[in-house]
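For reference, the structure is listed below as structure tokens.
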Amino acid sequence: MQEFFAFIIDQRYKLLEQTLTHIGLTFLSLCIAMVIGLPLGILISLRPRLVSVTLGAVGVLQTIPSLALLGFMIPLLGIGPGPAIVALFLYALLPIVQNTYVGIREVSPTLKEAAQGMGLTPWQRLIKLELPLALPVIFAGVRTATVINVGVATLAAYLAAGGLGEFIFSGIALNDTNMILAGTIPSALLAILFDAGLARLQHLRKLWRYRMMIVFLLLTPLLSSFYWLPKKSQTKLHAGFAHEFYGRSDGYPALLAAYDLHISSRLIDPNLMYESIHRNLFDIISGYSTDGRIKTFQLRALVDDKHAFPPYEASFMVRQATLKKYPALQPTLELLSGTLTDSSMTELNYRVDCLHESPKEVARQFLQRTGLLHQPGVGHHQDKIAVGAMIFTEQYILVELVRQLVENRLPLEVVTKTGLGGTKLCFDALQSGSLDLYPEYTGAGLLVLLKPSPRLIDSLKADPKGLYQYVNSEFNQKYGLSWLKPLVFNNTYALMMRESHAQALGIRTTSELKRYLEKQKGSL
Amino acid sequence: MITVRNLTKQYSAQTAVDNVSFDVKEGETLILLGTSGSGKTTTLKMLNRLIEPTSGTILINGVDARQRKLHELRREIGYVIQETGLFPHYTIADNIALIPRVLKWDEQRIRTRVRELIGMIRLPETYLAAYPSQLSGGQRQRVGIARALAAQPSILLMDEPLGALDPVTRSHIRREFRQLDELRQKTIVMVTHDVQEAFELGDRVGLMDGGQLQQIGTPQELLLRPANEFVRQFFADQWLPLQLHTFSLHDLSPYLPNENTHPGDALHLPAPTRLADALGHLSGSKSIVFEVNQQFVTVHLTTIWPALSQLLEKQSS
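What follows is the structure in structure tokens.
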């Protein structure tokens with residue numbers, strides 16, 4: 001509990017920013033839904049033939065799971081606030097259209113006839129009679145839409161649109177309960193607040209009810225403008241940070257400690273990060289130094305001149321019990337060490353990410369080229385081992401390499417468990433025995449799992465060899481896990497910019513980025 | 001003035017109104033009487049084109065209704081319906097001012113007119129700020145009339161205007177209606193299924209059945225010279241009370257004995273008082289005195305019945 005409050009206090013500015021963005025997203029989409037939904041509801045109340053088609057279509061949208069709808073947005077409209085608002089708008093549409101239609105339809109036919117018989121035009125009837133009487137029902141629809149949107153807006157973070165979902169997604173990626181709660185509790189409170197407030201409004205006395213409802217409707221554009229509020233205080237360049245990067249001590253906190261680099265940032269899904277910098281949604285991202293997309297999107301990895309990020313040499317973390325049981329396993333796997341350099345790993349990643357070759361095929365060709373496969377291989381498998389992979393391309397390729405190599409040379413079947421959320425998850429699985437091995441990086445082992453004193457970390461940062469030895473011996477003693485010989489390549493965090501942009505601004509290192517931001521701040 | 005010729009409304013399966021023709025003269029009140037499904041309401045709603053006729057012509061003040069713009073036509077015709085159709089979210093004042101506002105009268109004129117009307121229907125001005133739900137049924141109905149009259153239409157259409165009220169309030173409001181000058185001067189077509197109401201308020205009554213106008217005429221004509229068996233049957237079970245509503249003291253005077261005595265406790269009533277009302281008074285006092293051709297005529301409970309039977313005998317022959 002105390003940790004939770006400490007987190008909230010520590011992150012209060014970020015939280016306030018996310019809350020404002022969240023309210024902004026909710027009401028922006030609500031506003032658009034009203035602008036389109038009200039006339040649509042009115043239209044179908046005048047044209048009964050359109051009712052079933054319209055309500056059917058709008059209703060079908062509502063049945064699409066919200067996460068899936070946001071997923072559809074990526075190929076259709078890309079990422080960013082636009083697509084997120086479109087998705088939210090589609091969700092808010094049904095309650096508004098439906099309630100407008102029902103509200104108008106349920107105005108007593110006697111009253112409608114009286115108005116008609118006295119000579120009111122359809123338009124006058126709508127303005128003077130039907131809309132005022134339908135207002136409470138329409139308002140109930142707006143209330144429903146608001147509450148739905150507050151909830152669904154948490155998913156906007158998935159499209160890099162910000163909001164309280166940033167902490168929720170990050171928290172899930174990092175398995176950090178406090179972070180999840182820091183996103184969940186405010187968004188639940190917002191929902192309760194708006195729901196209770198609007199319910200209160202509905203129960204006001206007649207005249208006040210009308211007045212306040214109209215005030216609320218006029219207020220929605222204002223609440224929508226909250227979306228732009230945080231932008232005001234933002235730095236010249238915007239960063240999109242992967243959830244893990246933001247939360248892990250070797251990520252953003254390390255960057256802060258080494259460079260005191262303050263930059264307005266949004267937390268996004270690591271898979272969308274490269275796409276989003278390419279689309280100019282951000283100017284800086286927290287990439288991985290061997291990612292294939294660096295090549296595709298023409299990005300520049302900034303030189304980490306102050307060694308904020310420790311080395312991340314890739315290796316396999318294996319249960320000692322497994323190594324004992326299959327003595328041939330370790331020498332077999334270590335055939336791979338030294339074969340993969342930074343550039344060859346980037347190349348493999350590029351082929352999968354950008355040329356859309358399958359990891360299986362890429363791994364097979366690599367093994368053939370390096371002559372590691374026996375011809376013919378072992379045909380029969382007596383036993384099984386489980387190999388895990390985190391949810392990014394490099395891990396898929398490494399796991400394929402392991403699988404093909406082991407199945408070719410040893411009588412072992414390799415069961416792969418891919419798409420695991422992160423280091424913590426894989427490590428837990430390894431300890432519990434549901435995995436036998438998975439590819440891990442020395443820096444992650446040190447900072448995420450061992451968490452030694454800052455002084456020790458500093459001393460190991462510039463020393464990849466020493467780091468490997470330290471990590472290996474610590475895991476041996478503490479957890480009964482071995483780190484195999486490093487594969488050589490180093491997949492560390494790196495801040496990245498678009499090559500053209502970085503060139504234009506003359507930024508090559510993180511220190512230069514820091515100086516540029518300071519200068520911009522000074523000139524404001 | 002309304003002229004209706006060969007008016008027919010055909011729905012796919014049935015004929016709702018079948019070849020109906022009638023005239024309503026300036027300032028006259030015509031009651032369309034009939035059971036539900038007789039076609040009376042359909043006929044009424046064709047007059048302001050809430051329902052479009054299948055065939056036939058309607059002249060409103062000499063102009064073919066179909067050649068008028070719908071909303072203009074309707075704004076010249078006041079329309080009162082059952083349960084009044086007052087806007088629940090408007091105050092009484094705003095309800096009455098509805099059509100004048102649509103017609104863009106200036107606010108001063110509207111305010112004056114609203115005051116005038118609220119006085120006419122005998123409601124205190126404090127009610128102007130109230131909402132319809134705060135009024136009784138009878139009060140609401142009176143506001144409904146005021147709203148229909150607000151823009152001074154020459155014609156008023158009323159569709160079962162008192163249908164939702166209890167019998168006591170109904171007869172009360174009927175009496176009030178008869179006394180309202182502004183209503184008396186209007187050309188009115190009113191629909192009802194209530195025979196007494198028809199006889200009390202109508203200058204002429206059109207009895208409808210099966211979409212056809214069975215007979216149109218004054219209440220007396222319908223009662224005493226029914227055009228067919230349907231008309232006779234229709235009034236049969238209320239025959240006596242209707243007669244009492246139809247005839248006045250004046251009609252009775254030739255059949256009353258000459259009495260020179262002039263009882264001191266006699267009640268003075270005007271000669272056009274209807275017999276139904278006179279009988280009501282007779283239960284309280286011994287005799288009634290009224291004046292015909294500058295002569296006083298006296299009537300008692302004992303003399304009224306023989307005179308009435310003579311009158312009816314004479315009329316039906």
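Those protein sequences? They're chains A and B, same order as listed.
Counting from 1, one number per residue, gives the positions in the first sequence under full-length UniProt numbering.
Counting from 1, one number per residue, gives the positions in the second sequence under full-length UniProt numbering.
For glycine and all other residues, C-beta sits at the position ideal for the given N, C-alpha and C.
- Using a Cβ-Cβ cut-off of 8 angstroms, Glu-130 (chain A) does not count as an interface residue toward chain B, since no Cβ of chain B sits closer than that to its own.
- In the DSSP annotation of this structure, Val-231 (chain B) is not part of any beta strand (DSSP E); the continuous alpha helix (DSSP H) holding it starts and ends at 229-236.
- Closest by C-alpha distance to Gln-196 (chain B), out of B:Leu-244, B:Ala-65, B:Met-158, B:Gln-233, is B:Leu-244.
- Chain-ordered listing is empty here: chain B has no CB closer than 7 angstroms to the CB of Met-273 (chain A), the nearest sitting near 54 angstroms.
- DSSP places His-300 (chain B) in the uninterrupted beta strand (DSSP E) bounded by 295-300.
- Each residue's CA atom was taken as its position, placing Glu-361 (chain A) and Asp-176 (chain A) some 36 angstroms apart.
- Counting only the Cα atoms, Glu-130 (chain A) lies some 29 angstroms from Tyr-11 (chain B).
- Note on Thr-42 (chain B): 16 or more other CB atoms within 10 angstroms of its CB, so buried under the neighbour-count rule.
- Excluding its 5 nearest sequence neighbours in each direction, Leu-59 (chain B) has C-beta neighbours in its own chain below 6 angstroms: Thr-3, listed in chain order.
- Chain B places a beta carbon closer than 8 angstroms to that of Met-118 (chain A), counting this residue as a contact.
- For the C-beta of Gly-85 (chain B), the chain A residues within less than 9 angstroms are, from N- to C-terminus, Ser-108, Thr-110, Leu-111, Lys-112, Glu-113, Ala-114, Ala-115, Gly-117, Met-118.
- About 17 angstroms separates the CB atoms of Ala-33 (chain A) and Leu-77 (chain A); that is not less than 8 angstroms, and the two are not in contact.
- Here the region 500-511 of chain A lies against the region 291-311 of chain A, with 3 or more beta-carbon pairs under 8 angstroms apart.
- Contact check between the region 204-213 of chain B and the region 33-53 of chain B: three or more CB pairs, one atom from each, fall below 8 angstroms, which counts as touching.
- In chain order, Phe-427 place their CB closer than 6 angstroms to the CB of Leu-449 (chain A), counting only its own chain and leaving out the 5 sequence neighbours on each side.
- In the DSSP assignment, Lys-360 (chain A) falls within the unbroken alpha helix (DSSP H) covering 359-369.
- With respect to Leu-430 (chain A), Leu-481 (chain A) sits close: the two C-beta atoms are nearer than 8 angstroms.
- Taking 8 angstroms as the threshold, the shortest C-beta distance from Leu-133 (chain A) to chain B falls below it.
- If you check each beta-carbon in the region 40-52 of chain B against every beta-carbon of chain A, the ones closer than 9 angstroms belong to Lys-45, Asn-48, Leu-50.
- For the 8 angstroms CB-CB criterion, Thr-121 (chain A) and Gly-37 (chain A) do not form a contact.
- Of all residues in the region 92-113 of chain B, the ones placed with a Cβ closer than 8 angstroms to any Cβ belonging to chain A are Leu-98, Ile-99, Val-102, in chain order.
- With contacts defined as CB atoms closer than 8 angstroms, Thr-21 (chain A) and Gly-240 (chain A) fail to qualify as a contacting pair.
- Inter-residue distance for Ile-148 (chain A) and Gly-59 (chain A) is about 14 angstroms (C-alpha atoms, whole angstroms).
- Straight-line spacing of the CA atoms in Pro-464 (chain A) and Glu-313 (chain A) works out to 8 angstroms.
- Contact between the region 439-449 of chain A and the region 410-424 of chain A is established, with three or more Cβ pairs separated by less than 8 angstroms.
- Close partners of Gln-124 (chain A) in chain B (Cβ separation under 9 angstroms): His-71, Val-102.
- Annotated three-state conformation of Pro-122 (chain A) is helix, per DSSP.
- Unbroken beta strand (DSSP E) runs of no fewer than 3 residues, entirely contained in the region 117-165 of chain B, are found at 155-159, following chain order.
- For the pair Glu-440 (chain A) and Ile-277 (chain A), the Cα-to-Cα distance works out to about 27 angstroms.
- The beta-carbon of Tyr-255 (chain B) is placed no less than 8 angstroms from the nearest beta-carbon of chain A.
- Between Arg-68 (chain B) and chain A, the shortest Cβ-Cβ separation is not below 8 angstroms.
- Around the beta carbon of Asp-353 (chain A), a 10 Å sphere encloses 16 or more other beta carbons of the protein chains shown; the residue is thus reported as buried.
- Here Trp-105 (chain B) carries a coil assignment [DSSP, helix/strand/coil].
- With a threshold of 8 angstroms between beta carbons, Thr-121 (chain A) makes contact with chain B.
- Closer than 8 angstroms to the CB of Arg-142 (chain B) there is not a single CB belonging to chain A.
- Spanning the alpha carbons of Ala-84 (chain A) and Lys-325 (chain A) requires a straight line of approximately 51 angstroms.
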